[in-house]
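Just so you know, my numbering puts 9 at position 5 of the sequence shown, and the rest follows in order with no gaps.
Worksheet: the structure to be examined is printed underneath.
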Amino acid sequence: NTIKIAEIKTQNNQLENQKLEEKARIIENKLYTAEQNREKELLKKIEKAQKLERRAEVVRQNKAQTQDMEGQQSPIASSG
Numbered sequence: 005n006t007i008k009i010a011e012i013k014t015q016n017n018q019l020e021n022q023k024l025e026e027k028a029r030i031i032e033n034k035l036y037t038a039e040q041n042r043e044k045e046l047l048k049k050i051e052k053a054q055k056l057e058r059r060a061e062v063v064r065q066n067k068a069q070t071q072d073m074e075g076q077q078s079p080i081a082s083s084g
């Protein structure tokens, strides 16, 4: 009887350890997935910021060109 009780306790401990290891694996997988999703979101935000910065630069260049053109046309228009 004592041997059987010891065997059952050992089996229970092994099962508990297996369950804990499985839970740990599941948690690790969830953490890994969450980290990957976070990285993807950060990359998307960086790309969006870069795109907006490029667009802002184009607007600044267009504005500068427009002002240059207006500056060149103003004397011609007023001399007539």
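Where a beta carbon is used, it is the ideal one built from N, C-alpha and C, also for glycine.
Item	Value
Cβ shell of Arg64 (< 8 Å), same chain only, five flanking positions each side left out	none
Distance, Thr37 Cα to Gln22 Cα	22 Å
CA-to-CA distance, Leu56 to Lys48, given in whole angstroms	12 Å
DSSP state of Asn5 mapped onto helix, strand, coil	coil
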